[in-house]
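Residue numbers (our numbering): 118 to 243. Virtual Cβ for every residue (Gly too), placed ideally from N, Cα, C. The structure appears below as structure tokens.
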RNA sequence: GGUGCAAACCGCUCUAUCGUUCUCCCGAGGUUUCGGGAGGGAGGAAAGUCCGGGCAACACAGGGCGCCAAGCUUCUUAACAGGAAGGCGGGCGAAAGUUUGCAGGAAGGUAACAGAAAAUGACCACUUGGUUGGGAUGUAUUCCGACCGGGAACGGGUGAAAAGGUGAGGUAAAAGCUCACCGGUGGUGGUGGCAACAUCGCCGGCCGUACCUCUUCUGGGUUGUAAGGCCAAAUAUAUCACGAUUUUCCCCCGAGCACUCGGGGGAAUACAGAACUGCCCGUUUUGGUUCUUCGGAAGUUGUGAGGGGUAGGCUGCUAGAUCGGUUUAGUGAUAAACCGGCCAGAUAAAUGAUAGAGGCCUGUCGAAAGAUGGGUACAGAACCCGGCUUACAGGUUUGCGUUUUUA
């Protein structure tokens, strides 16, 4: 079991993949998060590439958007091992996008809980 | 000490655990990557993108008109619509101060509502001439009217603004009509100031105000780092332009062993289009036309434009009008010299998350020590600088005004 790292290879950076994800990916909601996922293949050793985003419409200030993205990323980083092992068992690769759909700043423990249940739901659905 | 004004500055700290990006070192691995260690990693506004520059690409003979922006003076600066110091006018304040405005009135134009009239000013009231009605006295005066024609900007009223103010003379009544003083303006001279301007004297006309799409003066190419450059990958050279070359046909000149060989294939014209541009002139260029013995087709290939395809890496990319001191010059903005330092470079976008402790401010309880609750702002680099504007919990320092107490 590797540690709680979150390297660049684990992040979703390719504009092309992001475009594909939004046009042909499936999604579900675990308030305050919306998860968009797509089974695909990419040349990295990790089972998942993921990205986080916060709408500019709900949060006008960049500071608040950054804070929420950081909290989501921390929650992902600290709990991703269950997702990794689950996907590795099924021998799948996927790209994920977490969209924050809440309208106000939400504390870290709430986001963490939502993230864990999102992982369980994702493993069932995929 | 209270209260107020101005300027400058700071704008949370520490520990633990787990992470992120860049640089360097070590080890594994061997054109990539992984592990460990050390160090650097948001702001005073990083924001708004409102001005001004650097840098880059593209464009560019020149002139006129237009458009946009600025407009007291001197200085400052790479530059500015910024800043500093000063000048004049207005507003606020008891004061320290603060705030706001500033080219011009020669030509053109505008001045709502109200008011008679907004610049060729006569509504009421004033005054006068003529005609006329009535009354009084007693036979040519006076009083009260009406109508017509003048005089006159002193008074009333309107307005943001009403034809300089006060006094005297003057007159039928008046009036810069005249005079004295005052205000303003133009000219001129002295003094002070680099200047805006201030101040004093003399002379003149006796003198509206505010504003503009008006006039004048100064400046102004366009687009922004998603600029631009390089590499990789990928598709395929459609179309267009220019050049080179080959073949063929045509024309001209020369040779000639007679249908072969060698050499060569322009110039003028402002008619039209295009470019430069907001428009016009103009310039450049292309096409056409004309003249002339005097160029057309096809293939191959190169360069450029353009389409299609590719959406990945490097560069630009951070050492600079740089930062921190000290000294000197200057009222100041700022400049110069010397010493020292290296200070973010991400790209679905790092600079963090969680927990604990402590500061700071503040509410309540309490004589105090303390206890307990709340708050800890505004805000996140995206090519780089100089300004401006806006947001901001709380705090520090300095100078000045005013008031009170003490001496």
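Given a cut-off of 8 angstroms, decide if residue j and residue i are closer than it, judged by their beta-carbon atoms.
i, j, result
"residue 232", "residue 170", "no"
"residue 147", "residue 235", "yes"
"residue 123", "residue 194", "yes"
Could you check if residue i is buried or exposed, using at least 16 other CB atoms within 10 Å of its CB as the buried criterion?
i, result
"residue 167", "buried"
"residue 138", "buried"
"residue 192", "buried"
"residue 217", "buried"
"residue 187", "exposed"
"residue 81", "Since the first residue of the chain shown is 118 and the last is 243, residue 81 is not available in this structure."
"residue 197", "buried"
"residue 154", "buried"
Considering only C-alpha positions, which residue in the set the options is nearest to residue i?
i, options, result
"residue 239", "185, 220 and 202", "202"
"residue 219", "155, 187, 176 and 193", "176"
"residue 242", "222, 211 and 183", "211"
"residue 156", "190, 204 and 227", "204"
With residue i as the anchor, note down where its alpha helix (DSSP H) starts and where it stops.
i, result
"residue 241", "225 to 242"
"residue 191", "179 to 207"
Measuring straight from C-alpha to C-alpha, what distance separates residue i and residue j?
i, j, result
"residue 143", "residue 164", "18 angstroms"
"residue 221", "residue 173", "12 angstroms"
"residue 229", "residue 150", "11 angstroms"
"residue 199", "residue 135", "24 angstroms"
"residue 223", "residue 207", "33 angstroms"
"residue 190", "residue 127", "11 angstroms"
"residue 226", "residue 152", "18 angstroms"
Can you give me the start and stop residues for the beta strand (DSSP E) that residue i sits inside?
i, result
"residue 222", "Taken as a continuous stretch (DSSP letters only), residue 222 belongs to no beta strand (DSSP E), as it is neither H nor E."
"residue 151", "150 to 156"
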